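Asks: If you're matching them up, the sequences are chains A and B in order.
Position one of the first sequence corresponds to residue 3 (the numbering used here), numbered consecutively onward.
Position one of the second sequence corresponds to residue 3 (the numbering used here), numbered consecutively onward.
Number of protein chains: 2
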Amino acid sequence: MATRKECIALDAKDKLAPLREHFALPEGVVYLDGNSLGALPRAAPARIQQVVQDEWGRDLIGSWNTAGWIDMASRLGDKIAPLIGADAGEVIVADSTSINLYKVLSAAIALVKADASHRNVILSERSNFPTDLYIAESLAREHGFELKLVNTDEIEAHLDDRLAVLMLTHVNYRSGLVHDMGRLTRACHAAGGLVVWDLAHSAGAVPVDLKGSGPSEEAADFAVGCGYKYLNGGPGAPAFVWAHPWHTEFMDSLHMRQPLSGWLGHAAPFDFKPDYHPAKGVQRFACGTPAVISMAALECGLDVFWAAEAYGGMEALRRKSIALTSLFIRLVEEHCVGQGLTLFTPRDAAMRGSQVSFSRATGAYNIVQALIARRVIGDFRAPDVMRFGFMPLYTRYVDVWDAMVHLTQVLQTGEWRDARFSQRAVVT
Amino acid sequence: MATRKECIALDAKDKLAPLREHFALPEGVVYLDGNSLGALPRAAPARIQQVVQDEWGRDLIGSWNTAGWIDMASRLGDKIAPLIGADAGEVIVADSTSINLYKVLSAAIALVKADASHRNVILSERSNFPTDLYIAESLAREHGFELKLVNTDEIEAHLDDRLAVLMLTHVNYRSGLVHDMGRLTRACHAAGGLVVWDLAHSAGAVPVDLKGSGPSEEAADFAVGCGYKYLNGGPGAPAFVWAHPWHTEFMDSLHMRQPLSGWLGHAAPFDFKPDYHPAKGVQRFACGTPAVISMAALECGLDVFWAAEAYGGMEALRRKSIALTSLFIRLVEEHCVGQGLTLFTPRDAAMRGSQVSFSRATGAYNIVQALIARRVIGDFRAPDVMRFGFMPLYTRYVDVWDAMVHLTQVLQTGEWRDARFSQRAVVT
Numbered sequence: 003m004a005t006r007k008e009c010i011a012l013d014a015k016d017k018l019a020p021l022r023e024h025f026a027l028p029e030g031v032v033y034l035d036g037n038s039l040g041a042l043p044r045a046a047p048a049r050i051q052q053v054v055q056d057e058w059g060r061d062l063i064g065s066w067n068t069a070g071w072i073d074m075a076s077r078l079g080d081k082i083a084p085l086i087g088a089d090a091g092e093v094i095v096a097d098s099t100s101i102n103l104y105k106v107l108s109a110a111i112a113l114v115k116a117d118a119s120h121r122n123v124i125l126s127e128r129s130n131f132p133t134d135l136y137i138a139e140s141l142a143r144e145h146g147f148e149l150k151l152v153n154t155d156e157i158e159a160h161l162d163d164r165l166a167v168l169m170l171t172h173v174n175y176r177s178g179l180v181h182d183m184g185r186l187t188r189a190c191h192a193a194g195g196l197v198v199w200d201l202a203h204s205a206g207a208v209p210v211d212l213k214g215s216g217p218s219e220e221a222a223d224f225a226v227g228c229g230y231k232y233l234n235g236g237p238g239a240p241a242f243v244w245a246h247p248w249h250t251e252f253m254d255s256l257h258m259r260q261p262l263s264g265w266l267g268h269a270a271p272f273d274f275k276p277d278y279h280p281a282k283g284v285q286r287f288a289c290g291t292p293a294v295i296s297m298a299a300l301e302c303g304l305d306v307f308w309a310a311e312a313y314g315g316m317e318a319l320r321r322k323s324i325a326l327t328s329l330f331i332r333l334v335e336e337h338c339v340g341q342g343l344t345l346f347t348p349r350d351a352a353m354r355g356s357q358v359s360f361s362r363a364t365g366a367y368n369i370v371q372a373l374i375a376r377r378v379i380g381d382f383r384a385p386d387v388m389r390f391g392f393m394p395l396y397t398r399y400v401d402v403w404d405a406m407v408h409l410t411q412v413l414q415t416g417e418w419r420d421a422r423f424s425q426r427a428v429v430t
Numbered sequence: 003m004a005t006r007k008e009c010i011a012l013d014a015k016d017k018l019a020p021l022r023e024h025f026a027l028p029e030g031v032v033y034l035d036g037n038s039l040g041a042l043p044r045a046a047p048a049r050i051q052q053v054v055q056d057e058w059g060r061d062l063i064g065s066w067n068t069a070g071w072i073d074m075a076s077r078l079g080d081k082i083a084p085l086i087g088a089d090a091g092e093v094i095v096a097d098s099t100s101i102n103l104y105k106v107l108s109a110a111i112a113l114v115k116a117d118a119s120h121r122n123v124i125l126s127e128r129s130n131f132p133t134d135l136y137i138a139e140s141l142a143r144e145h146g147f148e149l150k151l152v153n154t155d156e157i158e159a160h161l162d163d164r165l166a167v168l169m170l171t172h173v174n175y176r177s178g179l180v181h182d183m184g185r186l187t188r189a190c191h192a193a194g195g196l197v198v199w200d201l202a203h204s205a206g207a208v209p210v211d212l213k214g215s216g217p218s219e220e221a222a223d224f225a226v227g228c229g230y231k232y233l234n235g236g237p238g239a240p241a242f243v244w245a246h247p248w249h250t251e252f253m254d255s256l257h258m259r260q261p262l263s264g265w266l267g268h269a270a271p272f273d274f275k276p277d278y279h280p281a282k283g284v285q286r287f288a289c290g291t292p293a294v295i296s297m298a299a300l301e302c303g304l305d306v307f308w309a310a311e312a313y314g315g316m317e318a319l320r321r322k323s324i325a326l327t328s329l330f331i332r333l334v335e336e337h338c339v340g341q342g343l344t345l346f347t348p349r350d351a352a353m354r355g356s357q358v359s360f361s362r363a364t365g366a367y368n369i370v371q372a373l374i375a376r377r378v379i380g381d382f383r384a385p386d387v388m389r390f391g392f393m394p395l396y397t398r399y400v401d402v403w404d405a406m407v408h409l410t411q412v413l414q415t416g417e418w419r420d421a422r423f424s425q426r427a428v429v430t
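1. So residue 320 of chain A and residue 247 of chain A are supposed to be a Cβ contact under 8 Å. How far apart are they, rounded?
2. Quick one: which chain B residues come within Cβ less than 7 Å of residue 55 of chain A?
3. Check for me: the alpha helix (DSSP H) holding residue 308 of chain B runs from which residue to which?
4. Can you pull the chain B residues whose beta carbon is under 9 Å from the beta carbon of residue 313 of chain A, in chain order?
5. Using a cut-off of 8 Å between C-beta atoms, extract the partners of residue 67 of chain A located in chain B.
6. Would a C-beta distance cut-off of 8 Å place residue 147 of chain A and residue 130 of chain A closer than the cut-off?
7. Compute the Euclidean distance between the alpha carbons of residue 355 of chain A and residue 89 of chain B, then round it to the nearest angstrom.
8. My understanding is that residue 360 of chain B touches residue 346 of chain B, with C-beta atoms under 8 Å, so please give their C-beta distance in whole angstroms.
9. Using a Cβ-Cβ distance cut-off of 8 Å, determine whether residue 294 of chain B contacts chain A.
10. Express the C-alpha separation of residue 135 of chain A and residue 195 of chain B in angstroms, rounding to a whole number.
11. Between residue 207 of chain B and residue 174 of chain A, what straight-line distance do the alpha-carbon atoms span, to the nearest angstrom?
12. Under 7 Å between beta-carbons, which chain A residues line up against residue 275 of chain B? List them in chain order, please.
13. Grouping DSSP H, G and I as helix and E and B as strand, with all else coil, what is residue 393 of chain A?
14. Classify residue 308 of chain A as buried or exposed, calling it buried when 16 or more other Cβ atoms lie within 10 Å of its own Cβ.
15. Is there a Cβ of chain A sitting closer than 8 Å to that of residue 157 of chain B, yes or no?
16. Quick check on DSSP: helix, strand or coil for residue 401 of chain A?
17. State the start and end residues of the unbroken alpha helix (DSSP H) segment that holds residue 330 of chain A.
18. Do you know how far the Cα of residue 283 of chain B is from the Cα of residue 249 of chain B?
19. Going by DSSP, which residues form a beta bridge with residue 224 of chain B?
20. Could you give the distance in angstroms between the alpha-carbon of residue 333 of chain B and the alpha-carbon of residue 379 of chain B?
21. Rounded to whole angstroms, what's the CA-CA distance from residue 38 of chain B to residue 273 of chain A? Just pull it up for me.
22. Buried or exposed: residue 426 of chain A, going by 16 or more other Cβ atoms within 10 Å of its Cβ?
23. Going by alpha carbons, who is nearest to residue 158 of chain A out of A/193, A/176 and A/68?
24. In whole angstroms, what separates the C-alpha of residue 242 of chain B from that of residue 105 of chain A?
25. Between residue 116 of chain A and the rest of its own chain, which residues show a CB-CB distance below 6 Å, the 5 nearest in sequence each way excluded?
26. Looking at the C-beta of residue 367 of chain A, does it have a partner C-beta in chain B at a distance below 8 Å?
27. Am I right that residue 451 of chain B and residue 119 of chain B are in contact with their C-beta atoms under 8 Å? What's the rounded C-beta distance?
28. Would you list the residues sitting across from residue 414 of chain B in a DSSP beta bridge?
29. Output needed for residue 6 of chain B: all residues of its chain with C-beta closer than 6 Å, excluding positions within five of it in sequence on either side, in chain order.
30. How many angstroms separate the CA atom of residue 103 of chain B from the CA atom of residue 103 of chain A?
31. Helix, strand or coil: how does DSSP classify residue 383 of chain B here?
32. Using DSSP's beta-bridge definition, name the partner residues of residue 125 of chain A.
33. Per DSSP, what are the beta-bridge partners of residue 268 of chain A in this structure?
34. Quick check on DSSP: helix, strand or coil for residue 432 of chain A?
35. Start and end of the alpha helix (DSSP H) containing residue 374 of chain A?
36. Relative to chain B, which residues along the segment 173-185 of chain A have a C-beta separation below 7 Å, given in chain order?
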């Protein structure tokens, strides 16, 4: 059995430990919710002040050119690309994950239709993040397609000749299960479908290889992801979108648009022409004017990943992530025996993202609230899941220990039964 | 003929003059481009720091509840409502103008279809802002509708029994022409159509009365608008969306969604249910997670309008706006006789927004660049328009005089012919 001292020793010899200095974390808080809202990069406040006071306040409209605001969407995209196995020029930052999903799912449907195919099924998991399902449901309805929702272990059996698009989230938001992206992409392509990956819980948390190192059948078709979780871009940070060049090149040749065809996705927005001609490549997935201040915050988050390259990059982060989540599982299972906790996250580290979830038949919401009162921040996901996210850029081994201690005490004392922990917040 | 001294005297007796103190404007700049990017509200840097350092950095995920992030979309909407003749609870802030237009235009088309109507024309002006036309073109294509573009004086002749939706921008981005919202709304309704207004160049610049004080036929159906122009919300600030309650109530009764049906437009987003049930009212037009930092900046811009209430609000601002634009037209026409300038903005103040545009057969782009080099900031709109925006919250009469002097000198000296003023910037 480990001790707190041993955890402190692990931190002392952790080569990634200096990266925590890139974040401004509050004293005395064990923050295990970076999978919902990443921590504040230390560089962000000054950078945001510069954007606000100098670029906006002093240089005003000229900053679109002089401060490079107009290029931010692709500049930030280029910083995300290496984290997800994409190449420079293939990713842009824009809008929200939901909206980007609407764009790429629409494009995928249009490509299927351009093949004069009768395929009309969008396949996903019942347990996928709801907003993805809501967007897919909307498009299925619009196009007369069927949105087929299945259990995780049924996905492959449904990759058939009716499949148009397989839409999956790489790491499940509740269970933390990681899909085998290469295998599912290959299977989807073998069945004749296109695949759209949502990387909300994987970009910055687990290595992602969208284009695949093996045969071309392993390269995915489209992807979207979130800026404010593991990328540490701040509350409501803009999201990102990737499209494989073979699709954008084909879309170029057909002058094909995506439906949210706003002016910044136009080939020449400042010509102010009344008819739409899509920009080439992934730029066609831009729409309106980008939220510059929020993007500046996101850029600070992305720059920490560049700093992390010197420490071994995503591979090293993944190794630490597995060490943290494995330790948490082991400690909780040792110390909370008989407290009704069931591991909801895959026990096999290779199948687990950077989070650990436990379910409990009763009290899961209250236990999370009691932990928050003790300044151990995780979150609750309906109906019965306690979720703890581990961000190897800033989570320490001693945080794992301390979180376990508080969880153990909350359960042993029964303090979670206190009425004040039952009061439901708007956001859980 | 006025003098600079007389302009200074006008500023001295201007009751709205103290409102300029709410903005941090650079010394020595005559800023006439607030219709493209509004100036920095003086309260914004500190407020943004608070959001970044305290709410994000210190309080982290808890700020969704404790700092009211989850309510920002409607709280900011309620601050916009009185500026556009809407009531509290009818407006939300979200996404970009282009994306919000997609939502409401989709809703309008769905409502027309729900009537089992064969109407299938979206009518707009050829001179409308391009992004509006691009979005309408996309939806027309998707729904098998026709996007009919006509000249401004032909609009009413095309309000016929094929009309589904009339989509207009209240104040034209190039000419500054103000449509008679009440008359066109009534004419559109008489013809059996729905009307969608884009308020990008009117919210905060001219009084807007979406619901109309007269008969109910004068109340508009849907509206969208921009946060970063006259509302001074900062670069790429989120936009807003309004829907008349009679439509959202009808949509409620039919459980009707808009196509960008993301989780924050769901009736119970934190229940994480796989099937979509739209939230009631205008909240159904929300989609993904809001860009909190950018919204905090916008709120500072909106709060200046609350301060302006004590000075007579939008009516007083409109009177000053007309005085500023009228003075600029008069001064330029007196001082720049024979310099090839043609007034492109309506001469009738009642038909003019808060901008003045002049066209010139040659050199318009270069003249604007030469003015910017002299720190008089207007902008160029292809192919031949010089555009000058006047924001009564911070533009002074002496700014009008100084802009005229520099324009006169640029033209008389011919300095605009210098090659460096021909170099095209990415953003014009």
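Ideal Cβ placement from N, Cα and C applies to all residues, glycine included.
Note that the coordinates shown come from a computational prediction; the quantities given were computed from them, not determined experimentally.
Replies: In terms of the structure at hand:
1. Start at 1 with the first residue of the first sequence, and residue 320 of chain A comes out as number 318. Start at 1 with the first residue of the first sequence, and residue 247 of chain A comes out as number 245. 26 Å between Cβ atoms; not a contact.
2. In the first sequence, counting from the first residue as 1, residue 55 of chain A sits at position 53. What residue 55 of chain A touches in chain B: 47.
3. For the purposes of this step, residue 308 of chain B is taken as residue 306 along the second sequence, with counting starting at 1. Counted as a single uninterrupted DSSP element, the alpha helix (DSSP H) harbouring residue 308 of chain B occupies residues 294-310.
4. On the first sequence, residue 313 of chain A is found 311 positions in, with the first residue counted as 1. Near residue 313 of chain A there are no residues of chain B at all, since even the closest Cβ is about 23 Å away, more than 9 Å.
5. Counting from 1 along the first sequence, the entry for residue 67 of chain A is found at position 65. Within chain B, the residues near residue 67 of chain A are 427, 428 and 429.
6. Position 145 of the first sequence holds residue 147 of chain A. Position 128 of the first sequence holds residue 130 of chain A. Taking 8 Å as the cut-off, the Cβ atoms of residue 147 of chain A and residue 130 of chain A do not count as close.
7. Locating residue 355 of chain A in the first sequence gives position 353, counting from the first residue. Locating residue 89 of chain B in the second sequence gives position 87, counting from the first residue. Residue 355 of chain A and residue 89 of chain B have their C-alpha atoms roughly 46 Å apart.
8. Your numbering for residue 360 of chain B matches position 358 in the second sequence. Your numbering for residue 346 of chain B matches position 344 in the second sequence. Right, the Cβ-Cβ distance comes to about 6 Å (below 8 Å), so this counts as a contact.
9. As a working note, residue 294 of chain B is residue 292 in the second sequence. Residue-level contact check: residue 294 of chain B touches chain A, since one or more beta carbons of chain A fall below 8 Å from its beta carbon.
10. Within the second sequence, residue 195 of chain B is the residue found at index 193, counting from 1. Within the first sequence, residue 135 of chain A is the residue found at index 133, counting from 1. When only Cα atoms are considered, residue 195 of chain B and residue 135 of chain A end up about 33 Å apart.
11. In the second sequence, residue 207 of chain B corresponds to position 205, counting from 1. In the first sequence, residue 174 of chain A corresponds to position 172, counting from 1. Distance between the alpha carbons of residue 207 of chain B and residue 174 of chain A: 47 Å.
12. Locating residue 275 of chain B in the second sequence gives position 273, where the first residue counts as 1. Under the 7 Å cutoff, chain A gives 132.
13. By 1-based counting over the first sequence, the position of residue 393 of chain A is 391. Of the three classes helix, strand and coil, the one that applies to residue 393 of chain A here is coil, per DSSP.
14. Residue numbering aside, residue 308 of chain A sits at position 306 when the first sequence is read from its first letter. Exposed, since its Cβ has fewer than 16 Cβ neighbours within 10 Å.
15. In the second sequence, the residue the question calls residue 157 of chain B occupies position 155. Not one chain A Cβ lies under 8 Å of residue 157 of chain B.
16. Numbered from 1 along the first sequence, position 399 holds the residue referred to as residue 401 of chain A. Here residue 401 of chain A sits in helix by DSSP.
17. If you number the first sequence from 1, residue 330 of chain A lands on position 328. Per DSSP, residue 330 of chain A belongs to the alpha helix (DSSP H) from 315-337.
18. As a first step, residue 249 of chain B is located in the second sequence; it is residue number 247 there, counting from the start. As a first step, residue 283 of chain B is located in the second sequence; it is residue number 281 there, counting from the start. Those two C-alpha atoms are separated by around 9 Å.
19. For the purposes of this step, residue 224 of chain B is identified with residue 222 of the second sequence, where counting begins at 1. Within the DSSP secondary-structure output, residue 224 of chain B pairs in a beta bridge with B/198 and B/245.
20. Counted from its first residue, the second sequence places residue 333 of chain B at position 331. Counted from its first residue, the second sequence places residue 379 of chain B at position 377. About 18 Å.
21. Residue mapping note: residue 38 of chain B aligns to position 36 of the second sequence, counting from 1. Residue mapping note: residue 273 of chain A aligns to position 271 of the first sequence, counting from 1. Rounded to the nearest whole angstrom, the C-alpha separation of residue 38 of chain B and residue 273 of chain A is 16 Å.
22. Residue 426 of chain A sits at position 424 when you count from the first residue of the first sequence. Exposed, by the Cβ-count rule.
23. By 1-based counting over the first sequence, the position of residue 158 of chain A is 156. Ranking the options by Cα distance to residue 158 of chain A, first place goes to A/193.
24. In the second sequence, counting from the first residue as 1, residue 242 of chain B sits at position 240. In the first sequence, counting from the first residue as 1, residue 105 of chain A sits at position 103. Just so you know, the alpha carbons of residue 242 of chain B and residue 105 of chain A end up roughly 21 Å apart.
25. The count along the first sequence starts at 1 and reaches residue 116 of chain A at position 114. None.
26. As a first step, residue 367 of chain A must be located in the first sequence, where it is residue number 365. Chain B, which has no Cβ nearer than 8 Å to the Cβ of residue 367 of chain A, makes this no.
27. Outside the displayed range of chain B (3 to 430) lies residue 451 of chain B, so it cannot be described from this structure.
28. Taking the second sequence and counting its residues from 1, one reaches residue 414 of chain B at position 412. As DSSP reads the structure, residue 414 of chain B sits in no beta bridge.
29. Indexing the second sequence from 1 puts residue 6 of chain B at position 4. Cβ within range, chain order: 403.
30. For the purposes of this step, residue 103 of chain B is taken as residue 101 along the second sequence, with counting starting at 1. For the purposes of this step, residue 103 of chain A is taken as residue 101 along the first sequence, with counting starting at 1. So the alpha carbons of these two residues sit roughly 18 Å apart.
31. For the purposes of this step, residue 383 of chain B is identified with residue 381 of the second sequence, where counting begins at 1. Annotated three-state conformation of residue 383 of chain B is strand, per DSSP.
32. Numbered from 1 along the first sequence, position 123 holds the residue referred to as residue 125 of chain A. Paired residue(s): A/150 and A/168.
33. In the first sequence, the residue the question calls residue 268 of chain A occupies position 266. According to DSSP, residue 268 of chain A bridges with A/280.
34. The structure shown does not extend to residue 432 of chain A, since chain A spans only 3 to 430, so no value can be given for it.
35. For the purposes of this step, residue 374 of chain A is taken as the residue at position 372 of the first sequence. For residue 374 of chain A, the uninterrupted alpha helix (DSSP H) segment begins and ends at 366-375.
36. Hits within the stretch: zero.
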